[in-house]
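A quick write-up on the structure given underneath.
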Amino acid sequence: AQSVTQLDSQVPVFEEAPVELRCNYSSSVSVYLFWYVQYPNQGLQLLLKYLSGSTLVKGINGFEAEFNKSQTSFHLRKPSVHISDTAEYFCAVSWEQAGTALIFGKGTTLSVSS
Amino acid sequence: ETGVTQTPRHLVMGMTNKKSLKCEQHLGHNAMYWYKQSAKKPLELMFVYNFKEQTENNSVPSRFSPECPNSSHLFLHLHTLQPEDSALYLCASSQGQGRNNYGYTFGSGTRLTVV
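Heads up: the sequence lines are chains F and P, in that order.
Using this note's numbering, the letters of the first sequence correspond one by one to residues 644 to 757.
Using this note's numbering, the letters of the second sequence correspond one by one to residues 43 to 157.
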């Protein structure tokens with residue numbers, strides 16, 4: 644079965660510092676990768692996605708992620724975080740045979756303090 | 043407002059009650075989903091509907107009963123729930139699959155508490 648591993652359950656950082664949230668997936672077939680953000684008491688919002696093409700993907704709110712097939716990773720980065728980036732971040736994977744279903748990781752809580 | 047509307051936002055129900063959660067999207071998407079989000083657990087896929095047909099039931103107990111009358115509406119009927127069913131229930135919709143899967147649009151969820 645396909646799976647997604649988010650290696651860090653919590654990441655505390657100071658405002659304006661860079662951050663990387665790690666995501667690894669298990670699959671030997673072509674995959675499609677997504678990052679979502681969830682603010683308190685809200686649903687999930689799509690940050691960015693990799694479907695094909697360039698391995699560096701830029702998303703909303705200044706986030707970007709790099710698809711690394713050899714390391715089966717899709718880490719999320721931001722060069723300078725803000726207090727408002729405090730939220731839960733989810734990595735998700737889909738693949739051709741899965742149809743439309745996404746499998747999500749457990750999530751990483753990003754806490755930005757001043 | 044994301045384009046996917048879930049009602050109610052909060053629901054408290056007893057174990058013998060029957061209630062329903064509603065999800066509505068007018069994005070023209072052809073697939074709709076129910077996910078369960080519990081504390082400290084990954085999002086659990088419950089049901090998938092493509093073009094109103096159920097294509098996946100992820101071993102969900104029969105006390106949860108989905109209904110998809112058309113491609114814009116999705117319901118989750120609840121009866122004789124257990125306290126461990128307390129969670130945030132998220133509805134999502136999407137269009138396309140594989141390389142044409144542009145990701146889900148989620149609703150804000152229904153916070154369910156079973157007492």
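In this text, a Cβ means the ideal position worked out from N, Cα and C, and glycines have one as well.
Classify residue i as buried or exposed, calling it buried when 16 or more other Cβ atoms lie within 10 Å of its own Cβ.
{"i": "G705(F)", "result": "exposed"}
{"i": "K721(F)", "result": "buried"}
{"i": "A73(P)", "result": "buried"}
{"i": "F93(P)", "result": "exposed"}
{"i": "F657(F)", "result": "exposed"}
{"i": "P108(P)", "result": "buried"}
{"i": "K78(P)", "result": "buried"}
{"i": "S104(P)", "result": "exposed"}
{"i": "S150(P)", "result": "buried"}
{"i": "I703(F)", "result": "exposed"}
{"i": "G748(F)", "result": "buried"}
{"i": "I726(F)", "result": "exposed"}
On the premise that residue j lies in contact with residue i, defined as a C-beta separation below 8 Å, what is that separation, rounded to the nearest angstrom?
{"i": "V680(F)", "j": "L690(F)", "result": "5 Å"}
{"i": "T58(P)", "j": "T122(P)", "result": "7 Å"}
{"i": "V164(P)", "j": "S135(P)", "result": "In the structure as shown, chain P begins at 43 and stops at 157. Residue 164(P) is therefore absent and cannot be evaluated."}
{"i": "N667(F)", "j": "L650(F)", "result": "7 Å"}
{"i": "A660(F)", "j": "V724(F)", "result": "6 Å"}
{"i": "T147(P)", "j": "L69(P)", "result": "6 Å"}
Residue i versus chain F: which residues are under 9 Å apart at the beta carbon?
{"i": "Y146(P)", "result": "F677, Y679, L687, L689, A735, T743, L745"}
{"i": "L63(P)", "result": "Chain F residues near L63(P): none, gap ~13 Å exceeds 9 Å."}
Can you pull the chain F residues whose beta carbon is under 8 Å from the beta carbon of residue i, in chain order?
{"i": "V102(P)", "result": "Those within 8 Å of V102(P) in chain F number zero; the least Cβ separation is about 14 Å."}
{"i": "L132(P)", "result": "G686, L687"}
Based on DSSP bridge pairs, tell me the residues matched to residue i.
{"i": "E66(P)", "result": "T47(P), H115(P)"}
{"i": "S754(F)", "result": "P655(F)"}
{"i": "V736(F)", "result": "L676(F), I746(F)"}
{"i": "V54(P)", "result": "T155(P)"}
{"i": "P108(P)", "result": "L118(P)"}
{"i": "Y91(P)", "result": "M74(P), Q96(P)"}
Give the interface partners of residue i over in chain F, defined as CB-CB distance under 7 Å, in chain order.
{"i": "G151(P)", "result": "G686"}
Report the residues of the stretch 692-706 of chain F with a CB closer than 8 Å to any CB of chain P, ordered along the chain. K692, L694, S695
Mind checking the stretch 88-114 of chain P against chain F and listing, in chain order, the residues whose C-beta falls within less than 8 Å of any C-beta there? V90, N92, T97, E98
Just by C-beta distance, which residues in the stretch 704-729 of chain F are closer than 8 Å to chain P? none
Beta carbons nearer than 9 Å to chain F: which residues of the stretch 75-86 of chain P have them? Y75, Y77, Q79, K82, K83, P84, L85, E86
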